[in-house]
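Under the numbering used here, the first residue of the sequence shown carries the number 54, and numbering increases by one thereafter. Backbone N, C-alpha and C define an ideal beta-carbon position, used for all residues, glycine too. Here is the structure we will look at.
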Amino acid sequence: MAIKRRASSVLALSITTALLAAGCGGGGESEAPSKDELFKNPVTLTWWHNASQDGPGKTYWEKVAKDFNTLHPTVTIEIEGIETNQLQRTRLPAALLSNDPPDIFQSWGGGEIREQVEADYLKDITDQAKDEVANIGGAAGIWQVDGKQYGLPFRMGIEGIWYNKEMFAKAGIAAPPTTFDELNEAVTKLKAINVVPIAVGAGDKWPAAHWWYNFALRACSVDTLKKASLELNFDDQCFVKAGQDLKAFIDTKPFQPNFIATPGQNDPTSANGLLANGKAAMELMGDWNKGTLDTVAADKEALSKFIGWFPVPAIAGSPGDPKAALGGGDGFACAKNAPAECVEFLKYIVSPEVQKGYAETGTGLPVAKGAEAGVADPALKSILEATTEATYVQLWLDTAFGSTVGNAMNDAIVAIFAGNGTPEKVVEAMKAAARK
54 MAIKRRASSV LALSITTALL AAGCGGGGES EAPSKDELFK NPVTLTWWHN ASQDGPGKTY
114 WEKVAKDFNT LHPTVTIEIE GIETNQLQRT RLPAALLSND PPDIFQSWGG GEIREQVEAD
174 YLKDITDQAK DEVANIGGAA GIWQVDGKQY GLPFRMGIEG IWYNKEMFAK AGIAAPPTTF
234 DELNEAVTKL KAINVVPIAV GAGDKWPAAH WWYNFALRAC SVDTLKKASL ELNFDDQCFV
294 KAGQDLKAFI DTKPFQPNFI ATPGQNDPTS ANGLLANGKA AMELMGDWNK GTLDTVAADK
354 EALSKFIGWF PVPAIAGSPG DPKAALGGGD GFACAKNAPA ECVEFLKYIV SPEVQKGYAE
414 TGTGLPVAKG AEAGVADPAL KSILEATTEA TYVQLWLDTA FGSTVGNAMN DAIVAIFAGN
474 GTPEKVVEAM KAAARK
């Protein structure tokens, strides 16, 4: 269920500086305990994150929890990995309404965290996390509400198109597309060699919705997107144009059969499984995708040889900034009544040493200064470079607009994929949700 929301603050990301540099029980508003009072009594923290599949991400978080327990034996951490869609749309909203939410949990910042703060669900960590916020830089602002800090990011980057370099070469595609005209040409060439051009997990909704987000990024000016995030104003015709461009793209049939029922990142039959196992040539996804591709790949060595990445192409003549990108991050927040040790664990997660280890897993880009040396994967290095070169980074639209508008928007976008929605209905759904 969605939490009722008010207009969010402007959510243009200040992540370029952060990436260049990196290349929760009873506290609430009360005074935090002193260091001497911490770690005296046994405490159990429940931790929900989205690394639900066996792989480097899940393994690393288990190590982080174990290492923290070694440092602080009085703290036991019980972990539950939950698939992103289930966590964000079902489990977490229901848990926050209950009297027994997890102590520390995945948080995406932006409009969503504002909703949670307005509902009085989160612990204010402003005073305790000043050093960590300073080290992370501008990206930490996405987890702030009215100047107060309610969470911290551990990953940040832009999304783009992951692709099979070997399939591109076989199809005669000399270089990654830089415009949508070139992308359409690439789709045609891949079809000519009987290759599925693009995999999409419309069954999970958000992977399909991200195509609309990127068309909106190209159709709308930066000022329009900022105004939409601030005021939830969707009157500009560019939002309808985004749906029109999406429908025209879908009509070229670039996606795999039965894409409407395909999950995003679950197993070898999901969209990223098709890319990872040589059954599709491209997938639109964020920087975390390398880790999920490794998880579902039958041959990880082959994957490492053929996988590449390029930014979402520009659309010639569109009002949007061609160098703008869509991006965001993952973070964690503590429930308002979580033990004080929750904040200490959150700070530990974003410490440079732990962040460097996270980067070494290849599952995403770190945010802490001093952790950039852990980024070794060539595709992730490409994303880091593209992120620093982006003139503007727009937070994921369902996060920027909050869950009430975001869920309605995603549902209406997927209806276009299913053939029973329209560009106009997407905007109508967004406006109706904004009035709630």
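Where residue i falls, given that 16 or more other Cβ within 10 Å makes a residue buried
i           : result
residue 202 : buried
residue 246 : exposed
residue 476 : buried
residue 347 : buried
residue 485 : exposed
residue 408 : buried
residue 282 : buried
residue 94  : exposed
residue 311 : exposed
residue 142 : buried
residue 208 : buried
residue 414 : buried
residue 252 : buried
residue 416 : buried
residue 487 : buried
residue 140 : buried
residue 182 : buried
residue 294 : buried
residue 79  : Model confidence at residue 79 stands at a pLDDT of 35, short of 50, so the residue's coordinates are unreliable; what they give is reported in the following sentence. Under this definition residue 79 is an exposed residue.
residue 228 : exposed
residue 146 : buried
residue 116 : exposed
residue 429 : exposed
residue 431 : exposed
residue 75  : Interpretation of residue 75 is limited by its pLDDT of 42, a score under 50 that renders its predicted location unreliable; the figure taken from the coordinates is listed afterwards. Buried: at least 16 other Cβ atoms inside 10 Å.
residue 267 : buried
residue 177 : buried
residue 83  : The predicted model places residue 83 with a pLDDT of 44, which falls under 50 and marks its position as unreliable; any figure quoted below should be read in that light. It is exposed - the Cβ of residue 83 has fewer than 16 other Cβ atoms within 10 Å.
residue 389 : buried
Nearest to residue i (by Cα), restricted to the options the options
i           : options            : result
residue 158 : 392, 386, 453      : 386
residue 264 : 209, 248, 367      : 367
residue 175 : 160, 135, 485, 329 : 160
residue 122 : 394, 489, 488      : 394
residue 489 : 327, 455, 472, 467 : 455
residue 444 : 335, 410, 274      : 274
residue 374 : 228, 271, 170, 223 : 271
residue 335 : 91, 197, 226, 108  : 226
residue 419 : 381, 451, 483      : 381
residue 314 : 379, 467, 235      : 467
residue 325 : 350, 129, 400, 370 : 350
residue 424 : 156, 405, 431, 430 : 405
residue 378 : 287, 442, 120, 430 : 442
residue 185 : 451, 472, 206, 170 : 206
residue 219 : 402, 355, 244, 370 : 355
residue 402 : 113, 92, 388       : 113
residue 447 : 111, 148, 212, 92  : 212
residue 179 : 470, 303, 396, 96  : 396
residue 224 : 242, 236, 410      : 242
One or two residues paired with residue i in a DSSP bridge
i           : result
residue 342 : According to DSSP, residue 342 bridges with nothing at all.
residue 387 : 157
residue 361 : 216
residue 462 : Partner(s): none; residue 462 has no beta bridge.
residue 290 : According to DSSP, residue 290 bridges with nothing at all.
residue 201 : 198
residue 100 : 132, 157
residue 336 : 215, 252
residue 209 : 382
residue 232 : 367
residue 308 : 251
residue 175 : 388
8 angstroms contact criterion, which residue i and residue j should meet: CB distance rounded
i           : j           : result
residue 98  : residue 398 : 6 angstroms
residue 134 : residue 104 : 5 angstroms
residue 359 : residue 217 : 5 angstroms
residue 332 : residue 240 : Not a contact, Cβ separation roughly 16 angstroms.
residue 131 : residue 100 : 7 angstroms
residue 109 : residue 344 : 6 angstroms
residue 215 : residue 384 : Contact doesn't hold; Cβ gap of about 23 angstroms is too wide.
residue 369 : residue 231 : Contact flag wrong, Cβ pair sits at about 10 angstroms.
residue 280 : residue 286 : 6 angstroms
Cβ-heavy atom distance, residue i to the ligand ATP, below 7 angstroms
i           : result
residue 384 : The ligand ATP is not part of the structure shown, which contains no ligands of any sort.
Exercise for review: Assess, as a yes-or-no matter, whether the stretch 359 to 377 is touched by the stretch 418 to 438 under the definition of 3 or more beta carbon pairs within less than 8 angstroms.
Suggested key: yes
Exercise for review: Taking 8 angstroms as the threshold, find out whether the stretch 450 to 463 comes into contact with the stretch 471 to 485 through three or more Cβ pairs.
Suggested key: They touch, by the three-pair rule.
Practice item. Would you check if there are 3 or more beta carbon pairs closer than 8 angstroms linking the stretch 246 to 259 to the stretch 319 to 330? Key: Yes, since at least three Cβ pairs between the stretch 246 to 259 and the stretch 319 to 330 fall closer than 8 angstroms, the two stretches touch.
Point to revise | Touch test, the stretch 440 to 457 against the stretch 162 to 171, Cβ-Cβ under 8 angstroms, three pairs minimum | key: yes
Review point. Is it a yes or a no for the stretch 183 to 203 touching the stretch 337 to 352, going by three-plus beta-carbon pairs under 8 angstroms?
Key: no
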